[in-house]
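Scroll down for the structure; my scribbles are underneath it.
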Amino acid sequence: MWVSKIHHSVKALAALGAVVLTACTSHSAVAGNSAKIYYSDARYIQLIEPQNSGISVEENQLMTGSYGEKKFSGESWMLLNDTTVHMMLFSSMGNTIAELVYTKDSLAFNSKWMNAEKMKPEYIIADIQFCYYPASVLQKNFDAAGFTFAESQDGDALHRTLFDGKTAILKMEKRGNKIVLQNLLRHYSYQIESEIKE
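FYI, the numbering for the sequence shown is -31 to -1, 1 to 167, going by mature numbering (1 follows the signal peptide of the UniProt record, and there is no 0).
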């Protein structure tokens, strides 16, 4: 069980997009394969369909990170398999702040506290895929978009880097139960610490 709870909960996904408070439930839904993710100003990728992931992950997490001068820390739950990418963000009272669901046919974001029109859930999904999906699956997707993807192992640390030409724009390091992602172009970063199951 995590000791740390939500701090500044409305900013918990600020590192992944602009967050705006709203008094009513906000909902966004699009066809999953229609979303474009501009990892650089000139090039974009499309999301990888879940059935191509080849993984099965379900875990509780502690997320911390930054977007410019903004900081966030919060608890989340994530499910990744061959049918979905499903993520939920919780308040310190256990209430759901936001829910994100991506399937072959749709991408939906729901929140009572975040404006779905200002959030870009497709970018959150793309970052999750960059951290968790197999290198071979990512490689094919990035090659098709004109990016260069590299993966290396250094002891117990797994490193991934995405290049636009010779410029590194996205980096990820996984060591043990911790993942650190840095978007060097958009100036955000976050750490995902998975709960260790006893």
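For every residue, glycine included, the Cβ atom is placed at its ideal position computed from N, Cα and C.
Q) Residues in its own chain within less than 6 Å of Asn50 by CB, not counting five upstream and five downstream? A) Ser25
Q: Measure the C-alpha to C-alpha separation of Ile148 and Arg129 and round it to an integer number of angstroms.
A: 11 Å
Q. Ala121: which of Ala114, Leu131 and Ala113 sits nearest, CA to CA?
A. Residue identity differs from the one stated: residue 121 is Ser in this sequence, not Ala. When only C-alpha atoms are compared, the closest one is Leu131.
Q. Is the beta carbon of Lys116 less than 9 Å from the beta carbon of Tyr8?
A. Per the sequence shown, residue 116 should be read as Phe rather than Lys. Yes, the Cβ-Cβ distance between Phe116 and Tyr8 is below 9 Å.
Q.
Can you tell me whether Ala11 is buried or exposed? The criterion is at least 16 other CB atoms within 10 Å of its CB, across all chains shown.
A. Counting every other CB atom within 10 Å of its CB across the protein chains shown gives Ala11 a total below 16, marking it as exposed.
**Q.** Straight-line Cα distance separating Thr72 from Glu18
**A.** One alpha carbon belongs to Glu18, the other to Thr72, and they sit about 7 Å apart.
Q: Pick out whichever of Met141, Tyr13 and Met62 has its Cα sitting closest to the Cα of Ser45.
A: The shortest Cα separation from Ser45 among Met141, Tyr13 and Met62 belongs to Met62.
Q) What did DSSP end up calling Leu107 once you bin it into helix, strand or coil? A) helix
Q: In angstroms with no decimal places, state the Cα-to-Cα distance between Gln160 and Ala95.
A: So the two alpha carbons sit approximately 15 Å from each other.
Q. Using a Cβ-Cβ cut-off of 8 Å (strictly less than) and excluding sequence neighbours within five positions of Phe111, which residues of its own chain qualify?
A. Counting only Cβ-Cβ distances below 8 Å, and skipping sequence neighbours, we find Ile14, Thr117, Phe118 and Leu131.
Q. Beta strand (DSSP E) containing Gln122: first to last residue?
A. Thr117 to Asp123
Q.
Looking at the secondary structure, which residues open and close the alpha helix (DSSP H) in which Glu27 lies?
A. No alpha helix (DSSP H) holds Glu27; the beta strand (DSSP E) holding it covers Val26 to Tyr36.
Q. What residues are listed by DSSP as bridge partners for Leu58?
A. Answer is Ser45 and Ala67.
Q. Between the C-alpha atoms of Ile138 and His55, what's the straight-line distance to the nearest angstrom?
A. 26 Å
Q: Indicate the three-state DSSP secondary structure (helix, strand or coil) for Glu91 in the structure shown.
A: helix
**Q.** Pairwise C-alpha distance: Pro90 and Met83
**A.** About 11 Å.
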